[in-house]
Amino acid sequence: MLSRKSYIIYIIFLLCNFFYLSSCQMYPLYYYGTAHDKKYINPIEVFVSNDLNKEITRNFHFLLSHVLTHRKYKLNVVLVQSIDNISVESYFNNTKRINLKAAYSLHEISKKNVLYKSSAEVTSLFDFSNQQFSKMRINKNIEEKTAAELAENISIDIISFIKSID
18 MLSRKSYIIY
28 IIFLLCNFFY
38 LSSCQMYPLY
48 YYGTAHDKKY
58 INPIEVFVSN
68 DLNKEITRNF
78 HFLLSHVLTH
88 RKYKLNVVLV
98 QSIDNISVES
108 YFNNTKRINL
118 KAAYSLHEIS
128 KKNVLYKSSA
138 EVTSLFDFSN
148 QQFSKMRINK
158 NIEEKTAAEL
168 AENISIDIIS
178 FIKSID
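And the structure:
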C-alpha cells in the first residue's frame with residue numbers, strides 16, 4: 018500500500034502529465050510546419066498491375082510517404098513475375114527462383130505527360146521443404162520479400178529523379 022505522501026506525489030505526477038499532453042498540438046498527416054507556414058505533402062499515386070498489387074502498393078506507400086513534392090505525380094508500374102525450378106540434378110528439386118520485372122513510368126498529373134520511364138528486375142532464390150504448407154508459406158514469404166526489394170529499388174530511383182526536378 019502506498020503511503021499518503023507517495024500517493025499525493027503520484028497524483029501530482031499524473032496531473033502534470035495530463036496537462037503536458039493536453040498542451041501538445043496535433044496536426045494532420047498531410048502537412049508539416051506551423052499554423053502560419055504550412056507545406057503540403059502531395060502524395061505520389063501508385064498504380065500496379067499484377068497479383069502482387071496489394072503487397073507492392075503497400076511497400077510503395079511506405080517508402081514514398083515521406084517525399085514532399087510541389088506537384089502531384091502518378092507512378093504506373095507493370096509487373097511480370099516468373100517462378101521456375103533451377104535444379105540441374107534430379108535430387109535437388111526443392112530450389113526455385115522468383116524473378117520480378119517491372120517497367121515503370123512517372124507522370125505529372127497536371128500536365129499528363131511522362132516525365133521518366135525505366136525498368137527494374139529482382140531475382141530471389143529459395144529452398145523449401147517437401148511439406149505442402151511449408152512450401153506455400155515459403156513461396157509467399159519470398160514473393161513478399163522480392164516485391165519489397167523491387168519497390169525499394171524503384172522508389173530510390175523515383176525519389177532521386179523527383180528531387181532533381183522538383
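If you count the sequence shown from 1, position 151 lands on 168 in the working numbering, and the numbers rise without skipping. Cβ atoms here follow ideal geometry from the backbone N, Cα and C, with glycine treated the same way.
query                                                                                                                                                  : result
Would you mind sorting T140 into buried or exposed? The rule is 16 or more other CB atoms within 10 Å of its CB.                                       : exposed
Expressed to the nearest angstrom, what Euclidean distance is found between the alpha-carbon atoms of I179 and V94?                                    : 16 Å
Which residues in the same chain have their Cβ closer than 6 Å to the Cβ of F77, if we skip the five residues on either side of it in sequence?        : V63 and A168
Nearest to E166 by CA position, among I115, H124 and L123, is which residue?                                                                           : I115
Are there 16 or more other CB atoms within 10 angstroms of the CB of V65, so buried, or fewer, so exposed?                                             : buried
Considering only residues of the same chain and omitting the five flanking positions on each side of V84, which have a CB-CB separation below 7 Å?     : I61, I176 and I179
On the premise that L96 lies in contact with S172, defined as a C-beta separation below 8 Å, what is that separation, rounded to the nearest angstrom? : The Cβ separation is near 14 Å, so there is no contact.
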